[in-house]
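Presented below is the structure to which this report refers.
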Amino acid sequence: PSTPDPVSEETRVPGVVAVGLQSSFSASTVLPHIADDEIATVAFSLINGPAGAPLPADVVVAAPGALAGEAVVFRDVVPGLWTVRATGLDEQGTPLVRGEQEGVVVQPGALVEVALTMTFLEEPGEGSWSLELIWPADQNIIAVEYRVDSGPWVVVDGESIDRGLSLDRVVIREEQVASGAMTVTTRLDVGPLKWERYRALLVEVFHVVPNVETRGIFTLTSDDFSWRAAEPGSWEALEEDGAIIINDDGSVTFLPDGYTAPSGGNNIIVDPETGALTYAGAGERRLVMDMPPVSHARLEITGASMTQGNGWGIFFHGSTAENNNSFSGYTVQFDPGLGNRIVVRQWVNGGERPPFLEFNAGGAGIDLYGPLDTILHVNGGELLLEVFQDGQSWIVFDESDITAIATVPASARDSGYMGVRAWSNTNLTIADIRLFILD
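Just so you know, the sequence shown maps onto residues 7 to 445 in our numbering.
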């Protein structure tokens, strides 16, 4: 290969182009990265010159000199407009990075100096990506799962995890990947006997370019993990059966097979893709979420709209006797039939007790027949209910221990399942309902 030719006053003859490189490479998003020693040579070219002009021979320079900013000189260049290009290649001659400037004007009797910034190839091709994930060993992760965009989850089994005294790590790599941006979601798995089984979630955008590996290294701390108690039952089974979706934010969306309908099920529709609920008809209609008992959880309901009827409610800390399906626990009720109030009732063995908490929704400006959002947060005896409507919000209930003020304290519960009910001739739609397990 040719070698760089130093620029001096004596060599400034008509039609001379001197090309140098900026000292660093540019990139975007998680991000392709190339160490200087991965580039073996840089090929400098003049292309797209004036019609009929001969193309100067390429100048190929060993990378250390080119990357240090040494100029490459092309002599006897036909005056006119040219494109100046530099391509960094690996030891096999595969192009990795490129810098290019169009419309470079070469004038007779003048030297034009060009400084190129090398960037990754933004063109069709294949590259690779790798993600190294590190976390505290005491989190007892048995497997790692990942997916690209909305594709299927891929399980990286425990044998691929590098176990250490204080830190565990895993490297996930995919090769021969089409260039472009892709979202890689990774979740850490403590096994099917835990709920919720996925303790930590990482979502990153990887930018893949031809012939280069995009590498990301991420270290999690204990604060990145959300621990849940070990209980009988398996969220995994529900997910694999299509009964639930575990969302990227860690919440659970229940699909038709994720509910039991103790009454009125023919008049309740669960959207099989979004989990949206529609209650029609009349009478008592109940949906119970098929779930292990939960003590600490948050239920987020978006777009709840009641167009007619006497009310609807949310079950929480629920339990049902096996012999007669009688419900014990509580309901939060949005209740026009009680004078446009929001109330909390206790239930004992199927019996509905008088409200022990009441809030005058109509007096506060909440339209129970208008669309609203609500968040129900429970933690044992703690209860927090927030309502959102038309840009306003209300803390409806904020109690430290409802078991002490329940109508029948001796039967007061502090864990159980959740669900939704409607009664009378209530028509109800709920656009989105998500459960966060916080135990």
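The C-beta atom is built at its ideal place from N, Cα and C for all residues, glycine as well. Predicted model, so just to flag it, every value in this text is computed and none were measured.
Short Cβ contact (8 Å threshold) for residue i with residue j
i, j, result
"Tyr285", "Asn273", "yes"
"Phe231", "Ala206", "yes"
"Pro216", "Gly131", "yes"
"Pro299", "Ser421", "yes"
"Val84", "Pro101", "no"
"Ser134", "Glu210", "no"
"Gly2", "Tyr423", "Nothing can be reported for residue 2, as the shown portion of the chain is limited to 7 through 445."
"Arg351", "Arg359", "yes"
"Gly256", "Phe442", "yes"
"Asp96", "Ala46", "yes"
"Ala315", "Arg292", "The sequence given here places Gly at residue 315; Ala does not occur at that position. Cβ distance not < 8 Å, so Gly315 and Arg292 don't count as in contact."
Helix, strand or coil at residue i according to DSSP, with G and I counted as helix
i, result
"Ala410", "helix"
"Gln145", "helix"
"Ala416", "helix"
"Trp429", "coil"
"Ala121", "strand"
"Leu344", "helix"
"Glu180", "strand"
"Trp88", "strand"
"Leu444", "coil"
"Asp438", "strand"
"Trp318", "strand"
"Pro101", "strand"
"Phe31", "For Phe31, the predicted model reports a pLDDT of 46, less than 50, meaning its position is unreliable; a value from the coordinates is still stated below. Coil."
"Ala288", "coil"
Cutoff 8 Å; reference residue i; Cβ partners in own chain excluding five residues on either side
i, result
"Asn253", "Thr259, Arg440"
"Asp163", "Ala149"
"Ile401", "Leu390, Leu391, Glu392"
"Tyr152", "Leu137, Trp159, Val160, Val162, Ile178, Val190, Thr191, Thr192, Arg193"
"Ala187", "Thr35, Val211, Phe212, His213, Val214"
Residue from the options whose Cα sits closest to the Cα of residue i
i, options, result
"Pro278", "Ile250, Pro158, Ser311, Pro298", "Ile250"
"Pro342", "Tyr336, Phe321, Ile372, Val354", "Ile372"
"Arg304", "Trp241, Phe333, Ile381", "Ile381"
"Ser417", "Ile408, Met424, Gly425, Tyr423", "Ile408"
"Gly397", "Asp379, Thr413, Met124, Glu405", "Asp379"
"Leu127", "Thr280, Pro38, Thr337", "Pro38"
"Gly386", "Gly309, Gly287, Phe322, Glu76", "Phe322"
"Asp229", "Ala63, Gly309, Trp141", "Trp141"
"Ser399", "Gly425, Ala367, Ser406, Leu208", "Ala367"
"Glu119", "Gln314, Leu27, Leu283", "Leu27"
"Ser185", "Val214, Gly115, Asn54, Asp195", "Val214"
"Arg419", "Glu129, Glu388, Glu364", "Glu388"
"Thr308", "Thr280, Ala327, Met295", "Thr280"
Range covered by the beta strand (DSSP E) that runs through residue i
i, result
"Ala303", "302-314"
"Thr220", "219-225"
"Glu210", "204-214"
"Asp379", "378-385"
"Gly186", "186-195"
"Thr266", "265-269"
"Leu261", "Leu261 -> no beta strand (DSSP E), and no H or E assigned at all."
"Met295", "291-295"
"Leu490", "Given a span of 7 to 445 for the chain in the structure shown, any question on residue 490 remains unanswerable."
Contacting residues, own chain, Cβ-Cβ under 6 Å from residue i (five flanking each side not counted)
i, result
"Trp429", "Glu290"
"Gln339", "Gly317, Gly319, Val349"
"Leu444", "His302, Ala303"
"Ala310", "Leu378, Ile436"
"Ile167", "Asp174, Val176"
"Arg427", "Arg292, Gly319"
Opening and closing residue of the alpha helix (DSSP H) in which residue i lies
i, result
"Ala367", "367-370"
Residue i Cβ short of 7 Å to the ligand HEM heavy atom set
i, result
"Ile148", "You won't find the ligand HEM in this model; it holds no ligand whatsoever."
7 Å CB neighbourhood of residue i in its chain, flanking five on each side removed
i, result
"Val354", "Ser334, Val414, Ser417"
"Asp263", "Asp247, Gly248, Ala249"
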